[in-house]
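A short write-up of the structure that comes next.
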Amino acid sequence: MIPIIYRNAILPDVESIHRLVYDYAQDGLMLARSRNQLYETIRDMIVAEEDGHIVGVGGLHVVWDAIAEIRTLAVAKSATRKHIGSEIVLRLIADGRKLGIETFFTLTYQPEFFSSLGFREVTKDKLPQKIWKECIDCPKFPNCDEIAMILMNKK
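The opening residue of the sequence shown carries number 1 in the UniProt record's numbering; numbering runs sequentially from there.
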């Protein structure tokens with residue numbers, strides 16, 4: 001069995017990340033990310049690598065004081081059911097807690113997955129307006145159909 005290696009994303013990973021995200025975006029399961037967005041947020045992301053191939057990605061984007069978004073989460077269809085997505089999210093949460101993040105949120109089309117990790121669904125108006133700054137560039141703005149979910153840090 002080939003081990004899965006989790007590491008910080010680096011610039012040469014962008015094309016592989018873009019392909020992963022693009023595949024899900026084409027199926028309507030996540031929002032697309034441009035290469036430009038991926039390059040700009042590369043330091044936010046970790047990847048899962050198996051046999052030299054990127055099979056998963058996820059990002060932690062600090063939005064404001066003690067709040068961060070879990071985003072750009074995708075796992076290669078050939079690598080599903082290996083708990084790669086949950087491992088990525090758990091690692092992002094651990095990294096966020098080291099920074100002092102108290103609230104994690106996501107906007108998703110996969111609420112069951114995030115519920116299994118302790119996130120709960122909330123109305124979008126429960127999230128601070130600061131999170132919407134990037135939404136202005138989204139083709140779905142202002143009619144976002146993603147589901148807002150949060151996870152509060154347990155003290």
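Backbone N, C-alpha and C define an ideal beta-carbon position, used for all residues, glycine too.
Could you tell me if Gly28 is buried or exposed, where buried requires 16 or more neighbouring beta carbons within 10 angstroms of its beta carbon? Exposed.
Based on the DSSP secondary-structure assignment, which residues constitute the bridge partners of Ala48? DSSP output for Ala48 lists Tyr6 and Gly56 as bridge partner(s).
Bridge partners of His61, per DSSP? Glu69
Taking the alpha carbon of Asp44 as the reference point, which residue from Thr123, Leu11 and Gly59 has its own alpha carbon closest? The candidate whose alpha carbon is nearest that of Asp44 is Gly59.
Tell me the residue span of the beta strand (DSSP E) that contains Phe104. Thr103 to Thr108
Do the region 75-92 and the region 30-40 meet, that is, are 3 or more Cβ pairs less than 8 Å apart? no
Is the beta carbon of Leu20 less than 9 Å from the beta carbon of Glu146? no
Looking only at its chain, what residues have a beta carbon closer than 7 Å to the beta carbon of Gly118, apart from the 5 residues adjacent to it on each side? Leu151
Let's see if you can read the secondary structure: which residues bound the alpha helix (DSSP H) around Ile88? Ile84 to Leu99
Looking at the structure shown, is Ala25 part of a helix, part of a strand, or coil, going by DSSP? Residue state, collapsed to three classes: helix.
Close-in-space but distant-in-sequence residues of the same chain around Glu69 (CB under 7 Å, 5 per side omitted): Closer than 7 Å at the Cβ level, and outside the excluded window around Glu69, lie His61, Val63, Phe105, Thr106 and Ile131.
With distances taken from CA atoms, which of Pro111, Phe113, Ala148 and Thr103 is nearest Asp125? It is Ala148 whose Cα lies nearest to the Cα of Asp125.
Restricting to Cα atoms, I'd like to know which of Glu121, Ile5 and Ser116 is closest to Val47. Ile5
Supposed contact pair Ala94 and Val57 - C-beta distance, whole angstroms, cut 8 Å: In this structure Val57 does not touch Ala94 by the C-beta definition: roughly 17 Å separates them, more than the 8 Å allowed.
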